[in-house]
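Below: the structure, in structure tokens.
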Amino acid sequence: MASEGLANELLSDLMPTVQEMSRSMQNFGFPDYAIFITMLVSCGAVGVYFGFIKKSSGEDEYLVGGRNMSTFPVSLSLIASFISGISLLGTPTEVYVYGVTYLFVGGGVVLMGIVMTTVYLPVFHDLKLTSTYEYLERRFDKKTRLFGSVLFTIGIITWLPIVIYVPALAFNQVTGINVHVITPFVCIVCIFYTCVGGLKAVVWTDVIQTVVMFGAILLVIVKGTLNLGGMEVVIQRNLESGRLELPDTDWNPLTRHTIWALIFGGFGHWLQTSAVNQNMIQRYLSLPTLVAAKRAVWIFIFGALSLVGACGYAGMLIYATYHECDPLTTKLARAKDQLLPLLVMDILGDYPGLPGLFVAGVFSAALSSLSTGLNSMAAVVIEDFIKPFRKNAFSPKVADLLMKLTVVTLGTLCAGLVFVVERMGTHVLQLSMSLGSITNGPSLGIFTMGILFPWINSMGALIGGASGLGVMAWLSITAQAAISSGHLRFDEKPVSTEGCTYTFPKVENLLLFSPPNAVLNGTDEVIVSEPWALYRLSYLWYTLAGALVSMSVGLLVSIVSSQDTKKLDPLLVAPFVRRYLKARTHNVDEENMHRMISTNQSAEEVPAKH
Numbered sequence: 017m018a019s020e021g022l023a024n025e026l027l028s029d030l031m032p033t034v035q036e037m038s039r040s041m042q043n044f045g046f047p048d049y050a051i052f053i054t055m056l057v058s059c060g061a062v063g064v065y066f067g068f069i070k071k072s073s074g075e076d077e078y079l080v081g082g083r084n085m086s087t088f089p090v091s092l093s094l095i096a097s098f099i100s101g102i103s104l105l106g107t108p109t110e111v112y113v114y115g116v117t118y119l120f121v122g123g124g125v126v127l128m129g130i131v132m133t134t135v136y137l138p139v140f141h142d143l144k145l146t147s148t149y150e151y152l153e154r155r156f157d158k159k160t161r162l163f164g165s166v167l168f169t170i171g172i173i174t175w176l177p178i179v180i181y182v183p184a185l186a187f188n189q190v191t192g193i194n195v196h197v198i199t200p201f202v203c204i205v206c207i208f209y210t211c212v213g214g215l216k217a218v219v220w221t222d223v224i225q226t227v228v229m230f231g232a233i234l235l236v237i238v239k240g241t242l243n244l245g246g247m248e249v250v251i252q253r254n255l256e257s258g259r260l261e262l263p264d265t266d267w268n269p270l271t272r273h274t275i276w277a278l279i280f281g282g283f284g285h286w287l288q289t290s291a292v293n294q295n296m297i298q299r300y301l302s303l304p305t306l307v308a309a310k311r312a313v314w315i316f317i318f319g320a321l322s323l324v325g326a327c328g329y330a331g332m333l334i335y336a337t338y339h340e341c342d343p344l345t346t347k348l349a350r351a352k353d354q355l356l357p358l359l360v361m362d363i364l365g366d367y368p369g370l371p372g373l374f375v376a377g378v379f380s381a382a383l384s385s386l387s388t389g390l391n392s393m394a395a396v397v398i399e400d401f402i403k404p405f406r407k408n409a410f411s412p413k414v415a416d417l418l419m420k421l422t423v424v425t426l427g428t429l430c431a432g433l434v435f436v437v438e439r440m441g442t443h444v445l446q447l448s449m450s451l452g453s454i455t456n457g458p459s460l461g462i463f464t465m466g467i468l469f470p471w472i473n474s475m476g477a478l479i480g481g482a483s484g485l486g487v488m489a490w491l492s493i494t495a496q497a498a499i500s501s502g503h504l505r506f507d508e509k510p511v512s513t514e515g516c517t518y519t520f521p522k523v524e525n526l527l528l529f530s531p532p533n534a535v536l537n538g539t540d541e542v543i544v545s546e547p548w549a550l551y552r553l554s555y556l557w558y559t560l561a562g563a564l565v566s567m568s569v570g571l572l573v574s575i576v577s578s579q580d581t582k583k584l585d586p587l588l589v590a591p592f593v594r595r596y597l598k599a600r601t602h603n604v605d606e607e608n609m610h611r612m613i614s615t616n617q618s619a620e621e622v623p624a625k626h
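As structure tokens, this is what we get:
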């Protein structure tokens, strides 16, 4: 026994440490940097082309591409804008840590497509808007429009730093370069081409970035699968670990992933992001016809689900590769969302240029989302924060300067906020959906009230939206703080370190990893007191919950203070609601006519008095 222990100790001394393993994987060479820089230069060149060579003047050209863009590039731009680095790195992490149940959100995405093309998109396209929030003024008043624009601004400022941080994590994993060194450099490139090229530059750089994204993720899953001996090995190892499973079917909203939360909660999240968000609607409004816009919706859904599915399989691949040596436990990956970059360097590190292609793909996802947010924010600042409060129109030169100044200011602010995101303590997919719901829920609620309920007035919309904002800010921030402090935890799938071929520090004292409110019972078992039930609500319900709170309060307020639906422009409501209004107006007119006839007849029957 003593000799066996001595042999194990000698073997352990010969094995590399986790730090040595990590450094050995950071072999990002000249070909990799060349590919990465080529991607950035290509994006900058597109900005130069549309900003200086094929220059088109006018605010309409800058913000909505003259409303004559082609369906296919806009569809690819929608995919690139929505599938940020958050999805590209966050989805594999989700599958590795919690299993494949998240992928059933696809049912909610299809449901979103049906509702969006029949309810929301026809309204926005018929009105020929530039800013989505202009709708709120036409339907309600200026105060509601301003409130909606403020919600969008808060959402963008909390979302974009996460978008920037994620690819910087990937770059740090493969090169060792600090995230705060690379983020300003990449942001400058993105700010440049968005600033000078407008929406056309954003759309065409998105096309390049979508191709790079798909290429990068397909490269990883094909090479990784071949290394393991085929897809059946990947499936078998995930099946044995319990990662391949169907979602729960219970109705408990506190369960992290149920089939109802994934379909209906996912529907609410994707509906807000796709149907009433300036980032996405601005692209649909750049298309010439409603038919083209609807076609773009379904191309976007097919492409987005394909990419999410590929990312989900990449998560299965990560587990199949590291099923005997969990890199999170050993700290080979210092953050959860560095798992996919770690896999890339493990399977592609010996092939010059391929790690560079992957990092270019991750940064492509981030750049597309960042440029979309910056361009949309320029539209909101001009259309919603400045124009409604001016009597005289801007000169084209002043409008152009203000839009570019907005892009530069917001880009700089978001790069600085990366320091905050770094300390948030959960993986980015759940973090972005949780924080985004603070403004997403009320925003979805206000637009839905306006489009579906003609009897809701401006007071109801404003008070309802403010109520939803307050409730969701309290719920989301408190829950996120509980996660960061360790008070709120979720059941994770099992991992192992039995097959590690390198040494790493072992955790001896459970108190080192215990949250502040943890106690030990007599058997040295850590017991963590549970937070209040509402804080344990599944993050997938957040957006829908915020919308329902806003709509409920809005309906109650509007019942007290009435709304005259006769004065409502039919174009401001969904097509099927327009038919209801017309039928109701027709019935009211008929009743009035019958009343007038009967009144006249009664007057004729009364004998004249002499």
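Be aware that the sequence shown starts at 17, since it is given in the working numbering, and climbs by one per residue. All C-beta atoms in this analysis are idealised placements derived from N, C-alpha and C, irrespective of residue type, glycine included.
Residue i versus residue j: straight-line alpha-carbon distance, rounded
i	j	result
Gly466	Ala561	18 angstroms
Met332	His339	10 angstroms
Leu56	Gly282	33 angstroms
Gly246	Thr271	34 angstroms
Thr117	Ser566	29 angstroms
Asp507	Val113	9 angstroms
Leu119	Asn408	51 angstroms
Leu553	Asn456	17 angstroms
Asn525	Val34	The pLDDT assigned to Asn525 is 40, lower than 50, so where the model puts this residue is not dependable; a value taken from the coordinates is nonetheless given after this. Approximately 20 angstroms between the Cα atoms of the pair.
Leu359	Phe592	50 angstroms
Ser265	His273	Residue identity check: residue 265 is Thr in the sequence provided, not Ser. Distance between the alpha carbons of Thr265 and His273: 9 angstroms.
Thr133	Met31	59 angstroms
Trp276	Trp267	7 angstroms
Asp157	Lys582	17 angstroms
Leu321	Val576	44 angstroms
Glu248	Val423	48 angstroms
Leu104	Val236	12 angstroms
Ser574	Phe463	15 angstroms
Asp342	Gly427	36 angstroms
Glu256	Tyr329	16 angstroms
Ser512	Tyr181	29 angstroms
Residue i vs residue j beta-carbon contact at 8 angstroms
i	j	result
Gly284	Ala96	no
Gly115	Glu261	yes
Pro458	Gly432	no
Leu92	Thr289	no
Leu468	Leu306	no
Pro89	Val219	yes
Phe316	Val202	no
Val179	Ala394	no
Ser448	Ile130	no
Pro586	Leu597	yes
Gly171	Gly452	yes
Asp353	Thr109	yes
Gly258	Lys509	yes
Gly63	Tyr209	yes
His196	Val434	yes
Host alpha helix (DSSP H) of residue i (start-end)
i	result
Gly282	282-291
Thr428	412-432
Gly60	46-64
Val589	Here Val589 belongs to no alpha helix (DSSP H), and DSSP marks it neither H nor E.
Ile193	No alpha helix (DSSP H) holds Ile193; DSSP gives it neither H nor E.
Leu390	370-396
His141	137-143
Trp490	474-501
Pro89	87-98
Tyr151	150-155
Val565	558-576
Tyr118	Where Tyr118 is concerned, there is no enclosing alpha helix (DSSP H), given that its DSSP letter is neither H nor E.
Glu514	Taken as a continuous stretch (DSSP letters only), Glu514 belongs to no alpha helix (DSSP H), as it is neither H nor E.
Any non-hydrogen atom of the ligand NAD closer than 7 angstroms to residue i Cβ
i	result
Trp490	As far as ligands go, the structure on display features none, and thus does not contain the ligand NAD.
Neighbour flag for residue i against chain D, beta carbons, 8 angstroms
i	result
Gly331	Protein chain content of the structure displayed is limited to a single chain, and chain D is not contained in it.
*Taking one C-beta from the segment 492-505 and one from the segment 182-191 each time, how about it: are there three or more such pairs within less than 8 angstroms?*
The answer is no - the segment 182-191 does not touch the segment 492-505, with fewer than three Cβ pairs under 8 angstroms.
*Write down every uninterrupted run of the alpha helix (DSSP H) in the segment 308-367 whose length is 4 residues or greater and which is fully enclosed by it, in chain order.*
Within the segment 308-367, the complete alpha helix (DSSP H) segments at least 4 residues long are 355-364, listed from N- to C-terminus.
*Taking one C-beta from the segment 152-164 and one from the segment 473-487 each time, how about it: are there three or more such pairs within less than 8 angstroms?*
For the pair of segments examined, the segment 152-164 was found to touch the segment 473-487: the number of CB pairs separated by less than 8 angstroms reaches three.
*Can you find at least 3 beta carbon pairs, one from the segment 289-306 and one from the segment 141-150, that sit closer than 8 angstroms?*
Yes, the segment 289-306 touches the segment 141-150.
*Counting Cβ pairs, one atom from each stretch, are 3 or more of them under 8 angstroms apart for the segment 198-213 and the segment 334-350?*
Three or more beta-carbon pairs separated by less than 8 angstroms are not found between the segment 198-213 and the segment 334-350, which leaves the two stretches without contact.
*asked:* I want to know whether the segment 389-396 touches the segment 172-184 - three or more CB-CB distances under 8 angstroms.
replied: Flag = yes, the segment 389-396 and the segment 172-184 touch.
*Segment contact, 8 angstroms Cβ cut-off, at least three pairs: the segment 358-365 with the segment 271-280*: The segment 358-365 vs the segment 271-280: no contact.
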